[in-house]
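Asker:
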Amino acid sequence: MVMRLTKAQARRIALAAQGMGQTRDGVVTMRQVQSTITRLGQFQIDTVNVVARAHYMPLFTRLGAYDRALLDRAASQPPRRLFEFWGHAASLIDVDLYPFFQFRRDNAYSLTWGEIRRFVDSKPQIIEQVKDAVRQLGPVTPRELNFGQDRKTEQWGWNWSDAKAALEWLYWSGDIAVAGRNTQFEKIYDIPERVIPHEHLGTHVPATHENHVELVRRAGRALGVGTATCLGDYFRTASAPTKAAISELVDTGELIEVEVEGLKDPAYLFAEVKRPRTLTASALVSPFDSLAFDRNRLSWLFDIDYKISIYTPAAQRTHGYYVYLFLLDDQFVARTDLKADRANSTLLVQSAYLEPAAEPMRTRVAQELHHEYVRLAGWLGLSTITIVGKGDLSPHLKKV
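For the sequence shown, position 393 matches number 379 in the working numbering, and the numbering has no gaps at all.
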């Protein structure tokens, strides 16, 4: 008989799997950072720095104010705990998963975009020259290997030097790795032997099916419950190998097929996940958080329609530019557009909107959200909070 979950049960399972509901007021140690790395598997990277760069936010969301140097150290210093590669998107990924992305490195040519393929076909000598230079000089940035060549400027979006194009290809194919990022957030490249721990470089490279089984297993652990589409979306694995991996994990008992209230498609429960009867949480969730990766999942599980607004023309934005969801217990109850005005040491609340279903708890939402603003401003080293006034929740926040 297939197990049935109410939507509320499934929500709490999903949130617990993501590490929501933990205490967020203590001193955060590397042990807690490692636990979150193991739990989530990846932190998505994005260049936008309106509040904080995307990869820093998931730890704050789950653990509270922490020293960002902990994450920097985990991603760039021995014992390295994260490596940069393509997971759900460009991400810092649990280094234990390095061997299981070999299928993506092996298929780099077919998976990369046309300009890179044309570069690989037309300039193999540049690629070898750059590879040798990295081995001799690394760690290096593209600017240190431009061989006197300026960036191209004739085409927007493709203004790399030959050195940068070669570095990206070598990174995609696994011949070099990202050793870290500098203060301008530029990638620093080096050979894998000086970046990836030896035990992971020396690990037997699994067959493609084994790759997908492990990635789906880790997706199941991170999501708690989700459809086949959700499990494939987490690390962006193709449909057919994802389904084959799910079948194997169901056979071994690691995934359990379940029915979720209101969902037509079968879902899969990670067998070892916690199944809390209640969950107490208060946290801001960024657009690039793994809890918000799958917008369709947010819709059927949390009854919320959420889109990243940074790619939307200003006149068409409904809630603002860089909009965070606000989680209160097991529901998303508000959304808010935030900006760190570092020059004036101010957290700007550019908008705040209450979700319709949260109307009966408007006062509590305003109080808890303001408390979260205080926590965020303190973490960012900002001394004041300014409510600009847009949104139906803003007047209540001004009164807190």
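By construction, the Cβ of each residue, glycine as well, lies at the ideal position given by its N, Cα and C atoms.
For residue 191, which of helix, strand or coil comes out of DSSP?
Answerer: Coil.
Asker: With distances taken between CB atoms, is the gap from residue 351 to residue 334 smaller than 8 Å?
Answerer: In this structure, residue 334 does not lie closer than 8 Å to residue 351 by Cβ.
Asker: I'd like the list of long-range same chain contacts for residue 105, defined as Cβ closer than 6 Å, with 5 residues on each side in sequence excluded.
Answerer: Excluding positions up to five away in sequence, the list reads 151.
Asker: What does the alpha-carbon distance come out to for the pair residue 298 and residue 126?
Answerer: Roughly 35 Å separates the two Cα atoms.
Asker: Does the Cβ of residue 257 lie closer than 7 Å to at least one heavy atom of the ligand ATP?
Answerer: Although the ligand ATP was asked about, the structure shown includes no ligands whatsoever.
Asker: On a Cα-Cα basis, can you pick out the residue from 263, 59, 288 and 230 that is closest to residue 15?
Answerer: Checking every option, the nearest Cα to that of residue 15 belongs to 59.
Asker: Can you tell which of 200, 166 and 51 has the C-alpha that lies nearest to the C-alpha of residue 181?
Answerer: It is 166 whose Cα lies nearest to the Cα of residue 181.
Asker: Which complete alpha helix (DSSP H) runs does the stretch 60 to 119 hold, if anything under 4 residues is left out?
Answerer: Taking only runs of at least 4 residues, the alpha helix (DSSP H) segments lying wholly in the stretch 60 to 119 are 88 to 92, 94 to 97 and 100 to 108.
Asker: Within the continuous beta strand (DSSP E) that includes residue 336, where are the two ends?
Answerer: Looking at the DSSP string, the run of the beta strand (DSSP E) that includes residue 336 is 332 to 340.
Asker: Here's the rule: buried if 16 or more other CB atoms are within 10 angstroms of the residue's CB, otherwise exposed. What is residue 310?
Answerer: Label assigned to residue 310: buried.
Asker: Pull up the distance between the alpha-carbon of residue 271 and that of residue 41, whole angstroms please.
Answerer: Going from the Cα of residue 271 to the Cα of residue 41 covers about 12 Å.
Asker: Grab me the residues of residue 383's own chain with a C-beta within less than 6 Å of its C-beta, minus the 5 sequence neighbours each way, in chain order.
Answerer: Within the same chain, residue 383 has close Cβ partners 338, 352, 356 and 373.
Asker: In chain order, what residues of the same chain lie with their CB nearer than 6 Å to the CB of residue 61, ignoring the 5 residues before and after it?
Answerer: Once the five neighbours on either side are set aside, the close Cβ partners of residue 61 are 68 and 78.
Asker: Which of helix, strand or coil does DSSP assign to residue 379?
Answerer: Of the three classes helix, strand and coil, the one that applies to residue 379 here is coil, per DSSP.
Asker: Distance, Cα to Cα, residue 48 vs residue 228?
Answerer: Distance between the alpha carbons of residue 48 and residue 228: 28 Å.
Asker: Looking at residue 74: is its Cβ nearer than 8 Å to the Cβ of residue 222?
Answerer: Taking 8 Å as the Cβ cut-off, residue 74 and residue 222 qualify as a contacting pair.
Asker: Rank 0, 148, 191 and 168 by C-alpha distance to the C-alpha of residue 92 and give the top, closest one.
Answerer: With distances taken between Cα atoms, residue 92 lies closest to 191.
Asker: Cα separation between residue 120 and residue 131?
Answerer: Computed Cα separation, rounded: 8 Å.
Asker: Taking the beta strand (DSSP E) that residue 319 falls in, what are its first and last residues?
Answerer: Start and end: 317 to 327.
Asker: Residue range of the alpha helix (DSSP H) that residue 292 falls in?
Answerer: Here residue 292 belongs to no alpha helix (DSSP H), and DSSP marks it neither H nor E.
Asker: Going by Cα to Cα distance, which pick from 179, 224, 188 and 177 is closest to residue 198?
Answerer: Answer by Cα proximity: 224.
Asker: Enumerated in chain order, which unbroken segments of the alpha helix (DSSP H) with a length of 4 residues or greater are wholly contained in the stretch 264 to 291?
Answerer: Runs of the alpha helix (DSSP H) inside the stretch 264 to 291: 281 to 288.
Asker: Residue 253 and residue 202 - do their beta-carbons sit closer together than 8 Å?
Answerer: Cβ atoms of residue 202 and residue 253: not closer than 8 Å.
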